[in-house]
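Inspection log for the structure reproduced underneath, given as structure tokens.
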Ligand code: VGL
Ligand code: ZN
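Numbering (this note's numbering), first residue to last: 403 to 616.
Shown next as structure tokens:
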């Protein structure tokens, strides 16, 4: 049964996470049919007056790239100054085709693009805080100043950037809903199951087949 989510234009924001070429088929960190999120996200944008896009935006030789660390391979975990960090293939390097939005994503309705992960020494999964959990991106302040009290999240990847963003949204005092039909996961070593648990614990509302309504 589909569930209806009634959108309140005065208080809801849509946040579409990292719909970039490197996470889509043919990209450096592509996972299963990632570009399938584009049509539902384009459709969802029409329901919101506040639309934010995020872009993973790393400098070359970023600390989250396996290639930056001699003798390390992608998908291993290492300790960085702020805790454990998964190593990734080089991806979303600033200004490259891989970092650009997937070409079918309708970027026109967005009022803000948040770029994250631009500090070489700190990765940033969340749209709100970098992986040290204390460096803010500025998104909370933007949303508060626009009167937003609930965020609806979609994009890539469910178990990393979407989950971290949703949990931080709760930590910042926003209500949070994840549109699972408009997300896809990397699912590395049980990361999707772990993220699903943490989302529930954080009080994030997740639903697979939400129908948006005004
Ligand atoms: C992401 C891994 C590395 C994401 C970004 O957008 O979920 N995952 N960088
Ligand atoms: Zn990244």
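Using N, Cα and C, we set each Cβ at its ideal position, and we do this for glycine too.
Keep in mind that this is a model prediction, so the values were computed, not measured.
* Contacts around residue 613, its chain only, beta-carbon distance under 6 Å, and the 5 residues preceding and following it disregarded -> Counting from 1 along the chain shown, the entry for residue 613 is found at position 211. So the qualifying residues of the chain are 404 and 406.
* Local Cβ density within 10 Å of residue 480, reported as buried at 16 or more and exposed below that -> Walking along the chain shown from the start, residue 480 turns up at place 78. Residue 480 comes out exposed.
* Report the residue from 442, 446 and 530 whose alpha carbon sits nearest the alpha carbon of residue 408. => Walking along the chain shown from the start, residue 408 turns up at place 6. The option with the nearest alpha carbon to residue 408 is 446.
* Compute every distance between the C-beta of residue 593 and the non-hydrogen atoms of the ligand ZN, then say whether any falls below 7 Å. => Mapped onto the chain shown, residue 593 falls at position 191. No; taking the cut-off as 7 Å, the Cβ of residue 593 has no heavy atom of the ligand ZN nearer than that.
* Asked: Just the residues with CB closer than 5 Å to a heavy atom of the ligand VGL, in chain order, which are they?
  -> Residue list for the ligand VGL: 420, 458, 490, 559, 562 and 563 (CB closer than 5 Å to any heavy atom, chain order).
* Asked: Where does the unbroken alpha helix (DSSP H) through residue 571 begin, and where does it stop?
  -> Taking the first residue of the chain shown as position 1, residue 571 is located at position 169. Taken as a continuous stretch (DSSP letters only), the alpha helix (DSSP H) holding residue 571 covers 565 to 573.
* Asked: Since residue 485 is in the beta strand (DSSP E), which residue starts that stretch and which ends it?
  -> As a first step, residue 485 must be located in the chain shown, where it is residue number 83. 485 to 488 is the extent of the beta strand (DSSP E) around residue 485.
* **Nearest-angstrom beta carbon gap, residue 608 and residue 582 [assumed within contact, 8 Å]** => Residue 582 sits at position 180 when you count from the first residue of the chain shown. Residue 608 sits at position 206 when you count from the first residue of the chain shown. About 6 Å; that satisfies the 8 Å criterion.
* Which residue's Cα is closest to the Cα of residue 510: 606, 550, 451 and 473? -> Position 108 of the chain shown, counting from 1, holds the residue named residue 510. Each of 606, 550, 451 and 473 was checked against the Cα of residue 510, and the nearest Cα belongs to 451.
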